[in-house]
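Contents: one structure, followed by commentary.
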Amino acid sequence: MNRTNSIIETAKLTIESESQAISNLTSLLTNDFAEAVQLIYNSKGRVIITGIGKSAIIANKIVATLNSTGTPSVFMHAADAIHGDLGLILKDDVVICISKSGNTPEIKVLVPLIKSAKNKMIAITGNKDSFLGQQVDYVLNAFVEKEACPNNLAPTTSTTAQLVIGDALAVCLLELRGFSSNDFAKYHPGGALGKKLYLRVQDISSANEKPKVVSSTSLKDVIIEITEKRLGVTSVLDHDKIIGIITDGDLRRMLSKVDDFTSLTARDIMSPNPKRIDAEAMAIEALDVMENNGISQLLVESNGRYAGVIHIHDLIKEGII
0 MNRTNSIIET AKLTIESESQ AISNLTSLLT NDFAEAVQLI YNSKGRVIIT GIGKSAIIAN
60 KIVATLNSTG TPSVFMHAAD AIHGDLGLIL KDDVVICISK SGNTPEIKVL VPLIKSAKNK
120 MIAITGNKDS FLGQQVDYVL NAFVEKEACP NNLAPTTSTT AQLVIGDALA VCLLELRGFS
180 SNDFAKYHPG GALGKKLYLR VQDISSANEK PKVVSSTSLK DVIIEITEKR LGVTSVLDHD
240 KIIGIITDGD LRRMLSKVDD FTSLTARDIM SPNPKRIDAE AMAIEALDVM ENNGISQLLV
300 ESNGRYAGVI HIHDLIKEGI I
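Sequential numbering from 0 applies to the sequence shown in numbering that gives the first Met the number 0.
What follows is the structure, given as structure tokens:
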């Protein structure tokens, strides 16, 4: 077997091994999971998630997922907690401890301290009979038979299992809260996903020039308008009503067909009844219209009147594409 085939085969085995381990997690779900979700949902405080080593990295990701889906969460490193950071935990907070073995020295020191403050505790662990598993209020079993690592040492499958349990918690809480696409947009206003959910055409087109001519405008002035407004297009209007569009492509096609264009006007070269979109439409809808019609600009209307231009480059700039 050559090196390429060997690499592909190892990758396949890793993915298959982890896939099987994740599938097995469904059989490990107990009432503890449902009760833990209800506990977090009904809590007046935050979720504090702690761990050490690779589990700490997974804890950070779960915190990010919970925060982005409406469950306030904070990461607390287990080692830092026993050296001063324990003050992060407030009276009504729920604490989730993540540990594959459940028996690490930091966890053994940390758990009694949290219990003495009477905070409710949830464990995500691969060993429900461990010190951690025996001390917490709810155990979420993340047991895996072996790591994907051929030496069964490097945390691979076990950390994937922890991550999946965290995702399952987040999705269950999301559904209990009735977390909608609009809520998602509020929590992700600067991200591409959020922009797809809240950014409207007018939010983008209002920053652009508004190239416009009338049907009797000379070809020279049409070219000047397109050039000065730098959008590769101009609208053709009749009393602020759109009657046509002229693009750079229309000009090139006209020049290839006509020898004498000195007397041509906008009416002679415009494309009538162009595609357009309402200013209140979502920006993602503008992208759909462009893609479906093979065009890169759309004229924008507001209350039936010309309101500007949205260009595909605008959507790229905003991260919609």
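Built from N, CA and C at the ideal position, the CB exists for glycine as well. These numbers were taken from a predicted model, which means no experiment stands behind them.
* Out of G132, N102, G165, A116, state which residue places its alpha-carbon closest to the alpha-carbon of A58. => If you number the sequence shown from 1, residue 58 lands on position 59. Nearest option by C-alpha distance: G165.
* Kindly indicate the opening and closing residues of the beta strand (DSSP E) around K228. => One-based indexing of the sequence shown puts residue 228 at position 229. Taken as a continuous stretch (DSSP letters only), K228 belongs to no beta strand (DSSP E), being part of the alpha helix (DSSP H) at 218 to 228.
* Range of the contiguous beta strand (DSSP E) that encloses K240 -> Within the sequence shown, residue 240 is the residue found at index 241, counting from 1. Where K240 is concerned, the enclosing beta strand (DSSP E) stretches over 240 to 246.
* Residue range of the unbroken alpha helix (DSSP H) whose run includes V62 -> Taking the first residue of the sequence shown as 1, we reach residue 62 at position 63. 53 to 67 is the extent of the alpha helix (DSSP H) around V62.
* Neighbourhood of D84 by C-beta distance below 8 Å, restricted to the same chain and skipping five residues each side -> Within the sequence shown, residue 84 is the residue found at index 85, counting from 1. Counting only Cβ-Cβ distances below 8 Å, and skipping sequence neighbours, we find M75, H76.
* Where do the N-terminal and C-terminal ends of the beta strand (DSSP E) with N140 fall, by residue? -> Residue mapping note: residue 140 aligns to position 141 of the sequence shown, counting from 1. From DSSP, the beta strand (DSSP E) with N140 extends over 137 to 140.
* Closest Cα partner of F142 within the set S129, T233, R275 -> Here residue 142 corresponds to residue number 143 of the sequence shown, with the count starting at 1. For F142, the nearest C-alpha among the options comes from S129.
* Please confirm if the segment 245 to 253 is in contact with the segment 200 to 207, defined as three or more CB-CB distances below 8 Å between the two stretches. => no
* Asked: Would you call G86 buried or exposed, if buried means 16 or more other Cβ atoms sit within 10 Å of its Cβ?
  -> In the sequence shown, the residue the question calls residue 86 occupies position 87. Looking at its Cβ environment, which holds fewer than 16 other Cβ atoms inside 10 Å, G86 is exposed.
* Asked: How many Å lie between V46 and T124 at the Cα?
  -> Here residue 46 refers to the residue found at position 47 of the sequence shown. Here residue 124 refers to the residue found at position 125 of the sequence shown. V46 and T124 have their C-alpha atoms spaced approximately 17 Å apart.
* Could you tell me if A10 is buried or exposed, where buried requires 16 or more neighbouring beta carbons within 10 angstroms of its beta carbon? => As a position in the sequence shown, residue 10 is number 11, starting the count at 1. Exposed, since its Cβ has fewer than 16 Cβ neighbours within 10 Å.
* Asked: So the alpha helix (DSSP H) T9 belongs to, where does it begin and stop?
  -> In the sequence shown, the residue the question calls residue 9 occupies position 10. Run containing T9: 2 to 24, per the alpha helix (DSSP H) assignment.
* Measure the alpha-carbon distance for I61 versus K119 and round it to whole angstroms. => Reading the sequence shown from its first residue, position 62 is the one you call residue 61. Reading the sequence shown from its first residue, position 120 is the one you call residue 119. I61 and K119: Cα-Cα distance of roughly 18 Å.
* Where I97 falls: helix, strand or coil (DSSP) -> Here residue 97 refers to the residue found at position 98 when the sequence shown is read from its first residue. Residue state, collapsed to three classes: strand.
* Asked: Counting along the chain, where does the alpha helix (DSSP H) carrying K316 start and finish?
  -> Position 317 of the sequence shown, counting from 1, holds the residue named residue 316. 311 to 316 is the span of the alpha helix (DSSP H), which, as asked, contains K316.
* Which two residues bound the contiguous alpha helix (DSSP H) that contains A122? -> Walking along the sequence shown from the start, residue 122 turns up at place 123. Where A122 is concerned, there is no enclosing alpha helix (DSSP H), although the beta strand (DSSP E) it sits in stretches over 120 to 124.
* Do the CB positions of D237 and M253 come within less than 9 Å of each other? -> Here residue 237 corresponds to residue number 238 of the sequence shown, with the count starting at 1. Here residue 253 corresponds to residue number 254 of the sequence shown, with the count starting at 1. No, the pair does not count as a contact, with Cβ atoms beyond the cut-off.
* Extent of the continuous beta strand (DSSP E) to which K211 belongs -> For the purposes of this step, residue 211 is identified with residue 212 of the sequence shown, where counting begins at 1. First-last of the beta strand (DSSP E) with K211: 211 to 213.
* Asked: How should K99 be labelled, buried or exposed, when 16 other C-beta atoms within 10 angstroms of its C-beta is the threshold for buried?
  -> Here residue 99 refers to the residue found at position 100 of the sequence shown. Within 10 angstroms of the beta-carbon of K99 lie 16 or more other beta-carbons, which makes it buried.
* **Backbone CA spacing between K274 and T64 [nearest angstrom]** => Here residue 274 corresponds to residue number 275 of the sequence shown, with the count starting at 1. Here residue 64 corresponds to residue number 65 of the sequence shown, with the count starting at 1. Rounded to the nearest angstrom, the two C-alpha atoms are 40 Å apart.
* Asked: Quick one: what's F74 bridged to in DSSP?
  -> Numbered from 1 along the sequence shown, position 75 holds the residue referred to as residue 74. I48.
* **Beta carbon of V93 nearer than 9 Å to that of I21** => Within the sequence shown, numbered from 1, the residue matching residue 93 stands at position 94. Within the sequence shown, numbered from 1, the residue matching residue 21 stands at position 22. It is not a contact, given that the beta carbons lie outside the stated cut-off.
* Kindly indicate which residue of N302, L314, Q296, K316 has the alpha-carbon position closest to the one of V308. => Taking the sequence shown and counting its residues from 1, the one referred to as residue 308 is at position 309. Comparing Cα positions, the closest option is Q296.
* Might you give, ordered along the chain, the residues of its own chain that have their beta carbon closer than 8 Å to the beta carbon of A160, omitting 5 neighbours on each side? => Taking the first residue of the sequence shown as position 1, residue 160 is located at position 161. For A160, the CB contacts under 8 Å within the same chain, skipping 5 residues up- and downstream, are A20, I21, L24, G125, A141, F142, V143 in chain order.
* Asked: Helix, strand or coil: which one does DSSP assign to M269?
  -> Here residue 269 refers to the residue found at position 270 when the sequence shown is read from its first residue. Looking at M269 - three-state DSSP - the assignment turns out to be coil, as it is neither helix nor strand.
* Cβ shell of T49 (< 8 Å), same chain only, five flanking positions each side left out -> Here residue 49 corresponds to residue number 50 of the sequence shown, with the count starting at 1. So the list reads A55, A58, F74, M75, H76, A77, A80, V94, I95, C96, I97, L109, once near-sequence residues are dropped.
* Asked: Which residue's Cα is closest to the Cα of I225: V235, T216, P210, K43?
  -> In the sequence shown, the residue the question calls residue 225 occupies position 226. The shortest Cα separation from I225 among V235, T216, P210, K43 belongs to P210.
* **Sequence-distant residues of its chain with Cβ nearer than 6 Å to K145 (five each side left out)** => One-based indexing of the sequence shown puts residue 145 at position 146. Same-chain partners within the cutoff: N151.
* Anyone know if the C-beta pair for Y305 and I223 falls short of 9 Å? -> Your numbering for residue 305 matches position 306 in the sequence shown. Your numbering for residue 223 matches position 224 in the sequence shown. For Y305 and I223, no; Cβs fall outside 9 Å.
* To do: Ignore the nearest five residues each way along the sequence and tell me which others in V213's own chain have a CB closer than 8 Å to its CB.
  => If you number the sequence shown from 1, residue 213 lands on position 214. Excluding positions up to five away in sequence, the list reads V235, L236, D237, A265.
* From M269, E227, R176, V232, residue whose alpha carbon lies closest to that of S215 -> Counting from one through the sequence shown, the residue named residue 215 turns up at place 216. Nearest option by C-alpha distance: M269.
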